[in-house]
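In my numbering, the protein residues as written are 61 to 146.
Okay, so here's the structure we're looking at.
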């Protein structure tokens with residue numbers, strides 16, 4: 061399953077709304093947020109997703125009302141000091 065990193069503006073969301081959104085994103089399913097990082101002051105949410113395809117992730121984001129400022133597919137990740145294929 062491919063991994064993606066997305067950056068989203070959340071300036072209009074309260075902490076409670078942000079918590080509810082992240083809880084929904086992390087529910088089991090075809091596409092899932094594995095990890096989320098939020099900057100309350102900067103109004104940004106960064107999510108690490110697993111998804112079978114970019115199209116599946118795009119549909120998932122659309123269903124949750126999310127428009128990414130940036131979105132990258134991750135091809136390599138570090139493991140024990142080495143870069144390995146995802």
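Positions of the beta carbon are idealized from the N, C-alpha and C atoms, including for glycine.
Small disclaimer: the values here were computed from a predicted structure and weren't measured.
Could you tell me the alpha carbon to alpha carbon distance between residue i and residue j, rounded to whole angstroms?
| i | j | result |
| --- | --- | --- |
| residue 80 | residue 61 | 25 Å |
| residue 113 | residue 135 | 13 Å |
| residue 78 | residue 94 | 16 Å |
| residue 74 | residue 140 | 38 Å |
| residue 143 | residue 132 | 17 Å |
| residue 82 | residue 88 | 12 Å |
Does residue i get closer than 9 Å to chain C when you measure Cβ to Cβ?
| i | result |
| --- | --- |
| residue 69 | Given the protein chain composition of this structure (a single chain), no chain C is represented. |
Could you give the DSSP three-state label for residue i: helix, strand or coil?
| i | result |
| --- | --- |
| residue 104 | strand |
| residue 91 | coil |
| residue 85 | helix |
| residue 117 | helix |
From the DSSP secondary-structure annotation, give me the bridge partner or partners of residue i.
| i | result |
| --- | --- |
| residue 122 | Answer is none; residue 122 lacks a bridge partner. |
Return yes when the Cβ of residue j is within less than 9 Å of the Cβ of residue i, no when it is not.
| i | j | result |
| --- | --- | --- |
| residue 146 | residue 120 | no |
| residue 126 | residue 64 | no |
Give a single yes or no on whether residue i has its beta carbon closer than 8 Å to a heavy atom of the ligand NAD.
| i | result |
| --- | --- |
| residue 103 | Here there are no bound small molecules, and the ligand NAD is not part of this structure. |
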